[in-house]
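Taking it in order: structure first as structure tokens, then the write-up.
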DNA sequence: CACTTCTTGAACTGATCAGTCCAAGATGGG
DNA sequence: CCCATCTTGGACTGATCAGTTCAAGAAGTG
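Protein chains in written order, with this note's numbering: chain A, 441 to 636; chain B, 441 to 636.
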């Protein structure tokens, strides 16, 4: 077998991402990754680099995949910001309900574990994690919200969205998760209605 | 040295708890615990049991210490539920601002890491984590809220409270954390005011 | 069909892990 | 002052970790 990779890179990266997502960085060994991807250790190293490099690629993959979905959900914010935020939360709620994918959130658990990561990886995690807030702020301002309110709601919504993964992993039911976002969506609707 | 322990159990348990809190279960080795507590490995085993047993004691210690503070904060819920919830959040905000203690939250990060914990420990973590919601529900009902609203706000407030630790560890400023709880407290105040 | 090129599997290295064991030594009772 | 008792420190075990190395062998090229 020369000159041709024996595997599909997308499939392999998905498998590795899901492994990190399910077990976290510290509890994912190279043997786990080898088993999950079907690749030998030396194939992983030669094609994807060391554990940190592979983890970074998985983080970027995760951030891009769901970042695009969040952007799409918020794209109607100018016309109907409340519907946009509802769609934003739905991305997460659907991800949690999807049996093809682990519960929890790769970003949130990586942030929580960041003191144990190498400094450069930890920095990258925080950067990716921080993309959520400006995304929301821009959408809320497009929806007609004042600067100050948009700031506050953006960070609040980012926090609530992140909490869904933790609550889901802790055993909260889909109904409870909907109740969590319901309070936030109601508050947003009220804040956007000029006469309250 | 016979018949007398050479150390203060409270001091040792605090040191171990903080070590787990800072680094998480997976990234805390017995050498770390030995260094943090000043106790030798064999002293840890003979006095506190194995790593899982010690971790459980630290979890219980954490849950009791902050659980008591949360209860105290909510004790005025019948007279002023909004002030009670504000005080509830203040327990967490003050903990995050306290330099004597790690950022993050031992419960939240243990829940996130639960798939990598032994099943019995994971179960215990989820139990302790689940204590927050009924605590809040009882307080909100005492404050005059309807059953349905109390349910929804209880799980929402528990989620937001939990998210503060993650957002703090991700680098959010104290002002941003206050904005996160501000939205929730405002929503609660509105829900409690009979005429909105 | 032969040769070059690259992937691949398995063995190996040194470090670190949780957990065990035991001799050394300190203390309190007699 | 001596002995029994218990804590303590350090050495040890077997497992697992990330990362490296290398021979075997398959595909492409002529």
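Cβ atoms here follow ideal geometry from the backbone N, Cα and C, with glycine treated the same way. Owing to the predicted nature of the structure, the values given are computational and were not obtained by experimental measurement.
Might you give, ordered along the chain, the residues of its own chain that have their beta carbon closer than 8 angstroms to the beta carbon of residue i, omitting 5 neighbours on each side?
i, result
"residue 608 of chain B", "536, 543, 544, 617"
"residue 521 of chain A", "579, 580, 582, 583, 584, 585, 628, 632"
"residue 533 of chain B", "604, 614, 617, 618, 621"
"residue 464 of chain B", "549, 550, 553"
"residue 566 of chain B", "551, 554"
"residue 516 of chain B", "523, 524, 527"
For residue i, which residues of its own chain have a beta-carbon under 7 angstroms away from its beta-carbon, when the five flanking residues on both sides are left out?
i, result
"residue 591 of chain B", "577"
"residue 456 of chain B", "473, 476, 477, 494, 498"
"residue 510 of chain B", "528, 531, 575"
"residue 562 of chain B", "554"
Answer with yes or no whether the minimum CB distance from residue i to chain B is below 8 angstroms.
i, result
"residue 559 of chain A", "no"
"residue 487 of chain A", "no"
"residue 620 of chain A", "yes"
"residue 541 of chain A", "no"
"residue 462 of chain A", "yes"
"residue 574 of chain A", "no"
"residue 633 of chain A", "no"
"residue 538 of chain A", "no"
Using a 10 Å radius around the Cβ and a threshold of 16 neighbouring Cβ atoms, would you call residue i buried or exposed?
i, result
"residue 443 of chain A", "With a pLDDT of only 49 at residue 443 of chain A, under the threshold of 50, the placement of this residue in the model should not be trusted; the figure read from the coordinates follows. With fewer than 16 Cβ atoms within 10 Å of its Cβ, residue 443 of chain A is classed as exposed."
"residue 449 of chain B", "exposed"
"residue 601 of chain A", "buried"
"residue 568 of chain A", "buried"
"residue 462 of chain A", "buried"
For a test of the three-state rule: what should DSSP assign to residue i, helix, strand or coil?
i, result
"residue 578 of chain A", "helix"
"residue 489 of chain A", "coil"
"residue 589 of chain B", "helix"
"residue 463 of chain A", "helix"
"residue 615 of chain A", "helix"
"residue 480 of chain A", "coil"
"residue 447 of chain A", "coil"
"residue 567 of chain A", "helix"
"residue 604 of chain A", "helix"
"residue 532 of chain A", "helix"
"residue 556 of chain A", "helix"
"residue 545 of chain B", "coil"
"residue 622 of chain A", "helix"
"residue 516 of chain B", "coil"
Rounded to the nearest angstrom, how far is the Cβ of residue i from that of residue j, given a contact under 8 angstroms?
i, j, result
"residue 411 of chain B", "residue 484 of chain B", "Residue 411 of chain B is absent from the structure shown; chain B starts at 441 and stops at 636."
"residue 611 of chain B", "residue 489 of chain A", "27 angstroms between Cβ atoms; not a contact."
Please confirm if residue i has its CB atom under 8 angstroms from at least one CB of chain A.
i, result
"residue 603 of chain B", "yes"
"residue 566 of chain B", "yes"
"residue 469 of chain B", "no"
"residue 457 of chain B", "no"
"residue 630 of chain B", "yes"
Could you pull out every residue in the same chain whose Cβ sits closer than 6 angstroms to the Cβ of residue i, ignoring the five residues on either side in sequence?
i, result
"residue 572 of chain B", "598"
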